[in-house]
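Single-structure report; data block below.
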Amino acid sequence: MDALLADPRPLTSAYAPARPVNLRQTVGPLLRGQQEPTMRFTPNGFWRVIRTPEGTATLHAETRSGDGQVHATAWGAGAEWVLDALPELLGAGDDWSGLDLSRVPPLAEVRRQHPGLWLTSTALVFESLVPTILEQKVTTIEARRAWRYLVGKYGEIPPGPAPEGMRVQPSPRQWALIPSWEWHRAGVGPNRSRAVLAAAAVAAGLDRLAQRAGAGGTGAVDVSGERGGLAGEAAGVSARPARTHEGVLEKLQTVHGVGAWTAAETSQRSHGHPDAVSVGDFHLAAHVGWVLIGEPVDDDGMLELLEPWRGHRQRVVRLILASGVPKPKFGPRATIQDHRWH
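Each residue of the sequence shown is one higher than the one before, starting from 1 at the first, in the UniProt record's numbering.
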């Protein structure tokens with residue numbers, strides 16, 4: 001409905017980051033598979049459909065040869081919001097200056113090879129929390145299938161010329177109204193569906209966790225900023241008040257069904273949390289151990305290996321994932337359980 005009420009003319013901006021930005025590497029964690037209904041990559045950029053505090057929006061961002069700018073176009077009631085949020089979406093608030101990689105030269109080389117990799121920050125907690133809940137204790141294939149089914153059926157048609165098949169994630173109220181048999185048909189068991197419903201009940205409060213430090217007391221996300229020609233910041237880092245990470249992991253875990261892994265995966269996307277480590281991940285600890293010491297480790301071993309980089313541990317994990325070193329295979333692939341038609 002808000003798409004109908006919004007000015008049909010798109011808003012545009014040209015953002016000139018002060019440092020290299022690789023769009024795919026930076027916003028890639030927001031993509032949940034190649035058939036993701038809320039996001040699509042193009043050769044030079046991406047499409048994203050979003051439910052903002054101002055309403056739904058469609059965002060198209062791309063680079064063009066030679067000018068060093070990210071050209072963005074947005075449609076819908078939330079168009080101004082997404083353009084104002086674009087720098088942080090592309091990692092403008094992510095400061096790697098204190099990260100010392102000298103003790104592990106191969107990681108320093110990975111950083112040299114990937115200077116445009118930054119931590120994205122969407123400022124939308126509920127948006128990232130729901131698909132992360134759906135990924136709890138199931139295979140990636142199962143989680144993505146459930147996400148596509150539920151968003152495809154209950155999501156909204158986005159404003160503007162979004163690619164065919166894209167849908168805006170359901171609102172908290174829409175998630176709450178999904179009948180039990182549809183959760184079952186999507187392959188989502190009671191534990192995960194109850195966790196989504198618990199998150200939906202406090203969605204507004206969750207999104208206030210992404211409020212910037214120093215913002216006013218309204219609880220709204222501060223999206224002040226210039227449009228139409230966003231210049232790169234002097235040091236390559238946003239001059240706007242920082243989005244605080246303090247306490248966000250603990251606060252997320254007060255939601256029923258949200259544990260340490262879910263909180264970490266969510267805050268990595270909503271806050272660009274530089275120190276959130278996905279403890280409990282089925283593959284991550286072994287991968288970290290394999291890259292850093294040549295052998296798999298468990299979660300405790302992973303945390304021990306990452307401890308020298310406390311404060312930057314998610315940045316180190318992202319470099320490990322970007323290193324190209326393949327994940328070791330130590331056992332049979334998890335079996336997909338399909339109880340949808342039982």
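The beta carbon of each residue, even a glycine, is placed where N, CA and C say it ideally should be.
Count the other CB atoms, across all protein chains shown, that sit within 10 Å of the CB of residue i; report buried if there are 16 or more and exposed otherwise.
i, result
"Arg173", "exposed"
"Ser270", "buried"
"Leu177", "exposed"
"Gln113", "exposed"
"Thr262", "buried"
"Ile320", "buried"
"residue 382", "Residue coverage of the chain in this structure runs from 1 to 342, which leaves residue 382 outside it and unanswerable."
"Asp207", "buried"
In whole angstroms, what separates the C-alpha of residue i from that of residue j?
i, j, result
"Ser128", "Val104", "32 Å"
"Thr26", "Phe46", "11 Å"
"His256", "Gln35", "29 Å"
"Gly311", "Leu31", "25 Å"
"Thr56", "Gly28", "21 Å"
"Ser97", "Leu119", "13 Å"
"Gly219", "Ile141", "Confidence at Gly219 is low in this model, with a pLDDT of 32, below 50, so its placement is unreliable and the value that follows should be read with caution. For Gly219 and Ile141, the distance between alpha carbons rounds to 36 Å."
"Gly211", "Pro170", "Note on identity: in this sequence residue 211 is Gln, with Gly being the wrong assignment. Distance between the alpha carbons of Gln211 and Pro170 is about 22 Å."
"Leu107", "Val316", "8 Å"
"Arg144", "Leu209", "26 Å"
"Trp290", "Ala204", "40 Å"
"Ile293", "Val279", "18 Å"
"Glu246", "Ala77", "31 Å"
"Ala82", "Glu54", "Residue identity differs from the one stated: residue 82 is Val in this sequence, not Ala. One C-alpha to the other measures close to 9 Å."
"Ala234", "Gly160", "Residue placement at Ala234 cannot be trusted, given a pLDDT of 32 that sits under 50; what the coordinates show is reported in the next sentence. Roughly 34 Å between the two C-alpha positions."
"Pro20", "Leu117", "8 Å"
So, under 8 Å CB-CB, residue i and residue j are touching, yes? Tell me the CB distance rounded to an integer number of Å.
i, j, result
"Thr132", "Glu265", "5 Å"
"Met166", "Arg51", "The Cβ separation is near 13 Å, so there is no contact."
"Ala79", "His60", "Going by Cβ atoms, the distance from Ala79 to His60 rounds to 11 Å, so no, they are not a contact pair."
"Ala16", "Gly68", "6 Å"
"Asp275", "Arg313", "5 Å"
"Trp175", "Val196", "6 Å"
"Val130", "Ala18", "Contact flag wrong, Cβ pair sits at about 34 Å."
"Leu305", "Val297", "7 Å"
Any idea which residues DSSP pairs residue i with across the strands?
i, result
"Trp47", "Arg40 and His60"
"Ser13", "Ala72"
"Val27", "In DSSP, Val27 forms no bridge with anything."
"Thr52", "Gly55"
"Glu156", "Val168"
Comparing alpha-carbon positions, which option in the options lies nearest residue i?
i, options, result
"Val168", "Arg48, Met302 and Gly98", "Arg48"
"Arg65", "Thr58, Asp84, Pro43 and Ala85", "At residue 65 the sequence reads Ser, which differs from the Arg that was named. Of the listed residues, the one whose Cα sits closest to Ser65 is Pro43."
"Glu62", "Thr56, Gln253, Glu54 and Ala74", "Ala74"
"Tyr149", "Pro170, Ala186 and Leu134", "Ala186"
"Ala146", "His184, Gly160 and Leu249", "His184"
"Tyr154", "Pro179, Leu249 and Thr12", "Pro179"
"Thr122", "Ser193, Glu109 and Gln268", "Gln268"
So that I know if they touch, is there some Cβ in chain D lying closer than 7 Å to that of residue i?
i, result
"Gln136", "Reference to chain D is not applicable here, since this structure consists of a single protein chain."
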